[in-house]
Ligand SMILES: [Zn+2]
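Numbering (the numbering used here), first residue to last: 61 to 355.
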């Protein structure tokens with residue numbers, strides 16, 4: 061349907077933090093960029109909180125630069141509303157910022173967080189995205205001139221990690237299977253918390269609570285990916301993730317650790333050759349500190 065009716069192909073990922081787009085809908089954005097969509101990645105927050113060693117401005121500068129480079133790598137543009145982490149709030153001031161940015165980009169396809177999520181910045185960002193999606197084409201909603209082709213865009217809630225999304229919208233062959241992006245059209249918001257409340261929960265040793273009990277097979281170099289997929293093949297609730305390069309990539313390690321220690325993951329098996337920078341044994345030891353069986 062999109063292919064037949066759209067004349068303007070501008071996709072906008074509107075999420076809270078630098079790295080949210082890469083983790084939550086990176087596959088879809090890569091796919092869209094390869095289909096000659098113009099992709100814009102927006103974060104409402106500047107990533108100033110999440111460092112144990114660096115001050116807010118220092119870490120924010122690093123996170124913003126990472127966001128810019130990640131966008132650049134697929135020919136996308138990165139924008140930030142520069143709100144402090146954990147302080148994203150849906151209010152008149154931030155709503156005007158979001159609407160003005162939408163007005164400049166004039167997206168026809170928007171990705172954002174689900175209405176109900178574990179992180180309040182995500183929920184507030186969802187409200188900003190929803191408000192701007194509906195209102196940015198309204199003539200007097202902003203003083204920024206309307207771009208030709210402006211229309212109310214399709215809005216997707218994206219949540220491949222929490223399992224609230226159900227429909228695979230796009231995938232890419234360039235990423236490990238479980239980092240494929242899952243998105244779905246907007247659904248009645250009240251369905252989401254009810255689904256979670258009625259499901260089975262898993263209390264992890266670190267205090268987090270998952271709604272799934274997945275086994276993660278992690279490969280630490282491309283040469284081990286075939287073995288990892290062979291191990292997981294045919295196994296239910298078993299996902300494969302990994303980093304293909306032999307070289308030092310701290311972002312990849314952080315991402316693998318974040319996925320491995322996600323509340324929905326119950327155990328991990330790390331597979332590698334031993335000649336790569338990311339040592340599977342060390343990775344497993346770090347994961348095991350969260351209380352999960354890992355080897
Ligand atoms: Zn986030």
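Quick reminder that beta carbons are idealized off the backbone N, C-alpha and C, glycines included.
Report the residue from the options whose alpha carbon sits nearest the alpha carbon of residue i.
i: residue 205; options: 150, 159, 121 and 296; result: 159
i: residue 185; options: 101, 318, 75 and 310; result: 75
i: residue 202; options: 340, 192 and 172; result: 192
i: residue 327; options: 297, 167 and 109; result: 297
i: residue 86; options: 187, 146, 315 and 211; result: 315
i: residue 145; options: 329, 108 and 317; result: 108
i: residue 262; options: 217, 168 and 352; result: 352
i: residue 322; options: 220, 309 and 286; result: 220
i: residue 266; options: 122, 350 and 105; result: 350
i: residue 93; options: 113, 137 and 80; result: 137
i: residue 80; options: 114, 111 and 123; result: 123
i: residue 110; options: 103, 120 and 167; result: 120
i: residue 268; options: 311, 294, 179 and 340; result: 179
i: residue 152; options: 199, 188 and 294; result: 188
i: residue 135; options: 291, 156, 162 and 91; result: 91
i: residue 125; options: 113, 115, 140 and 112; result: 140
i: residue 169; options: 295, 88 and 292; result: 88
i: residue 281; options: 312, 200, 156 and 154; result: 312
i: residue 157; options: 175, 112 and 103; result: 103
i: residue 195; options: 290, 174 and 161; result: 161
i: residue 166; options: 290, 73 and 355; result: 73
i: residue 155; options: 291, 129, 190 and 346; result: 190
Would the beta-carbon of residue i fall within 7 angstroms of that of residue j?
i: residue 83; j: residue 131; result: no
i: residue 337; j: residue 307; result: yes
i: residue 96; j: residue 71; result: no
i: residue 276; j: residue 348; result: no
i: residue 127; j: residue 197; result: no
i: residue 209; j: residue 69; result: no
i: residue 148; j: residue 181; result: yes
i: residue 274; j: residue 325; result: yes
i: residue 288; j: residue 300; result: yes
i: residue 344; j: residue 330; result: yes
i: residue 212; j: residue 171; result: no
i: residue 142; j: residue 106; result: yes
i: residue 302; j: residue 285; result: yes
i: residue 283; j: residue 215; result: no
Using a strict less-than 5 angstroms threshold between each residue's beta carbon and the heavy atoms of ligand 1, what residues do you get?
76, 77 and 80
Pick out the complete alpha helix (DSSP H) segments inside the stretch 64-135, 4 residues or longer, and give them in chain order.
80-94 and 116-132
Kindly provide the ranges of any beta strand (DSSP E) runs that are 3 or more residues long and lie completely inside the stretch 151-213, ordered along the chain.
169-172
Counting only runs of 3+ residues fully inside the stretch 261-314, write out the beta strand (DSSP E) ranges in chain order.
274-279 and 298-302
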